[in-house]
Each structure stands twice: as structure tokens, then as C-alpha cells.
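For reference, the structure is listed below as C-alpha cells.
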Amino acid sequence: MQGVVDTIQQLGQTSVPAQAESNIFCMTIIGQVEGHLVLPPQNKTTKYEHLIPQLVAAEQNQKIEGVLIVLNTVGGDVEAGLAIAEMISSLSKPTVTLVLGGGHSIGVPIAVAGNLSLIAETATMTIHPIRLNGLVIGVPQTFEYLDKMQERVVRFVTSHSNVTEQIFKELMFKTGELTRDIGTTVIGSDAVKHGLIDRVGGLGDAIKELNRLIEENKLRKQEVSYV
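In this text, residue positions in the sequence shown follow my numbering: the first is 120, and each later residue adds one.
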């Protein structure tokens with residue numbers, strides 16, 4: 120009885136539909152990507168030290184044939200975001216990313232890291248230069264470090280999507296669109312038009328495309344084994 124009460128309190132219903140064992144691993148990146156610094160408790164965060172072991176486990180698990188990444192993030196720690204993006208892009212199994220709500224800031228490299236990327240029609244992506252928090256030493260080396268870190272982001276995004284470096288930097292350094300910042304907010308179809316995301320779609324489309332990639336991967340392995 121206590122279990123039923125707990126379910127009502129947490130989910131608003133008496134029972135949760137039982138889920139059959141799936142060959143797809145779904146990983147969510149929600150809120151702010153938390154890196155080396157612990158954010159305040161009122162912030163909704165995704166800790167990168169939680170995601171990396173999950174990706175390693177998904178890569179090693181023979182029953183997992185594909186990975187679905189669902190994003191609704193405002194961004195966060197640059198190095199943590201790049202680490203997650205590199206992990207996703209280096210998986211040997213098919214990966215599909217889906218941007219719901221928003222995939223802002225360092226969420227952009229994560230969104231383009233999969234084999235195929237989708238974005239909801241009403242979802243947005245904010246592209247802007249990276250910034251430093253806390254103590255900043257006013258020397259040329261600080262700017263050089265910031266510039267190199269920004270180049271890492273640009274290089275990753277342009278190499279894992281169809282957007283060109285020129286267009287991406289134009290979006291990143293655009294003035295006048297964001298009232299308190301430099302950059303651009305692109306919505307659904309605009310992200311596809313610029314070449315950032317492959318296509319507009321929702322959850323059903325993402326799962327359908329992931330299943331297609333899984334079948335193609337199986338056929339490829341069979342062809343290799345026949346040779």
C-alpha cells in the first residue's frame with residue numbers, strides 16, 4: 120500500500136506502465152550541465168560524472184544496440200559538455216540526438232554529436248561565444264586561452280554537422296538579436312536550414328530513425344562477417 124501511495128505522490132497515478140526490455144538506451148541531458156564546480160541546489164543539473172559511466176556501460180552492454188540522447192539544456196560547463204559530446208561521437212553503436220525545448224550554449228556540440236540529429240519544431244538553440252566566470256586575469260594569455268577553447272567548440276560543431284565555420288561564427292558573433300548578449304537564437308527549422316541539425320522531428324521520428332540505423336548497422340556487420 121505504501122508503494123501505491125508513493126507512486127501517487129510522485130507521479131500522480133497508481134501504477135506505472137511496465138516497460139519491456141529494450142535494445143535502445145535513452146539518456147537525458149536536462150537543465151544545466153554541471154562540470155567541476157557544484158551548482159546551487161535550486162539549479163536543475165545534469166552531472167557529467169553521472170553521464171560518462173552510463174555511456175561506457177551502454178557501449179559495453181551487448182543488449183544495447185542504439186543510444187537515444189534527449190536534450191533540454193541551457194548549457195553549462197564547456198569542458199564537461201565537450202567531454203560528453205566526444206563520448207557520444209565516439210560510440211560504436213548508432214546514436215540519435217533529439218532537442219526538445221532547448222539545446223543552448225554547450226548543448227549545441229552535444230546535439231550534433233550523434234549519427235543523426237533531430238530538433239522539435241518549437242525547440243530553440245542559442246549560439247554565443249563562450250565566457251569565463253570568477254577571477255579573470257587581464258593578460259593576453261587569458262584571451263588566447265579563451266580563443267583556443269572557443270575554437271575547440273567551433274571545430275567540433277562544424278566537423279559533426281553540415282554548418283560551415285563561416286556561418287557558425289556569424290551566428291555566434293551576431294549583435295542586436297540578443298538584448299543582453301552576443302549571439303543568435305535559432306528555432307527548429309532554422310537550425311536545419313543552417314545545417315546545424317539534420318531534420319525537424321519529435322520522439323517518434325527519433326526512435327524510428329534510430330531503429331533504421333540499428334538495422335543498417337546489423338546488415339553492415341553481417342556483410343563484414345561474410346567477407
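The beta-carbon is built from N, C-alpha and C at its ideal position, and this holds for glycine as well.
Q: Can you give me the Cβ contacts of Ile316 inside the same chain, cut-off strictly under 6 Å, excluding the 5 residues immediately before and after it?
A: For Ile316, where only same-chain residues beyond five positions count, the Cβ hits under 6 Å are Ser236, Ile238 and Ala310.
Q: Report yes if the C-beta distance between Asn162 and Gln173 is below 9 Å; otherwise report no.
A: When the beta-carbon positions are compared, Asn162 and Gln173 stay at least 9 Å from each other.
**Q.** Span of the alpha helix (DSSP H) around Ile203
**A.** Per DSSP, Ile203 belongs to the alpha helix (DSSP H) from Val197 to Ser208.
Q. Could you give the C-beta distance for Gly226 and Gly194, rounded to a whole number, given that I count them as a contact under 8 Å?
A. Confirmed, Cβ separation roughly 5 Å.
(Q) Please return the same chain residues whose Cβ sits closer than 7 Å to the Cβ of Asn336, not counting the five positions on each side in sequence. (A) These residues qualify, in order along the chain: Pro213.
Q | Assumed close pair Ile183, Asn142 - CB separation to whole angstroms, cut-off 8 Å | A | Separation of the CB atoms of Ile183 and Asn142 is rounded to 6 Å, and the pair is thereby assigned contact status at 8 Å.
Q: Please determine if the region 259-273 and the region 297-313 are in contact, where contact requires at least 3 C-beta pairs separated by less than 8 Å.
A: By the Cβ rule, the region 259-273 does not count as touching the region 297-313, because fewer than three pairs are nearer than 8 Å.
Q | Distance, Gly122 Cα to Thr304 Cα | A | Roughly 44 Å between the two C-alpha positions.
Q: On the DSSP bridge assignment, give the partners of Phe144 in chain order.
A: Answer by DSSP bridge pairing, in chain order: Val186.
Q: State yes or no: is the C-beta of Val186 within less than 9 Å of the C-beta of Leu329?
A: Yes, these two residues count as a Cβ contact at 9 Å.
Q: Rank Ala204, Ser209 and Leu210 by C-alpha distance to the C-alpha of Tyr167 and give the top, closest one.
A: Relative to the Cα of Tyr167, the nearest Cα in the group Ala204, Ser209 and Leu210 belongs to Ala204.
(Q) For Asp280 and Thr165, what's the separation of their Cα atoms in angstroms? (A) In the sequence on display, residue 280 carries Ser and not Asp. C-alpha of Ser280 to C-alpha of Thr165: approximately 24 Å in a straight line.
**Q.** Where Ile246 falls, given that 16 or more other Cβ within 10 Å makes a residue buried
**A.** Here Ile246 is buried: its Cβ has 16 or more other Cβ atoms, across all protein chains shown, within 10 Å.
Q. Would Leu201 pass as a contact of Val272 if the rule is Cβ separation under 9 Å?
A. Contact flag set, yes.
(Q) So for Lys166, helix, strand or coil by DSSP? (A) In the three-state reduction of the DSSP assignment, Lys166 falls in the strand class, which pools E and B.
Q) Nearest-angstrom Cα distance between Val218 and Gly257? A) C-alpha separation (whole angstroms): 37 Å.
(Q) From the DSSP secondary-structure annotation, give me the bridge partner or partners of Glu153. (A) Lys166, per the DSSP bridge assignment.
Q: Let me know if Val282 comes out buried or exposed under the rule of 16 or more other beta-carbons within 10 Å of its beta-carbon.
A: Note on Val282: 16 or more other CB atoms within 10 angstroms of its CB, so buried under the neighbour-count rule.
Q. Given that a residue counts as buried once 16 or more other Cβ atoms are within 10 Å of its Cβ, and exposed if not, what is Gly222?
A. Buried, because 16 or more other Cβ atoms sit within 10 Å of the Cβ of Gly222.
Q) Looking only at C-alpha atoms, which of Ala230, Val276 and Phe275 sits nearest to Thr243? A) Selection Ala230, Val276 and Phe275 evaluated against Thr243 yields Ala230 as nearest (Cα-Cα).
Q | Per-residue DSSP class, three states only, for Ser280 | A | Judged by DSSP in its simplified three-state form, Ser280 adopts coil rather than helix or strand.
(Q) So, at 7 Å on beta carbons, what are the nonlocal neighbours of Asp324 in its own chain, with the 5 sequence-adjacent residues on each side left out? (A) So the list reads Leu237, once near-sequence residues are dropped.
**Q.** C-alpha gap between Glu171 and Glu289, whole angstroms
**A.** The sequence given here places Ile at residue 171; Glu does not occur at that position. Near 32 Å, if we compare the C-alpha coordinates of Glu289 and Ile171.
Q: Tell whether a beta-carbon distance below 9 Å holds between Thr241 and Ile306.
A: In this structure, Thr241 lies near Ile306, with their beta-carbon atoms less than 9 Å apart.
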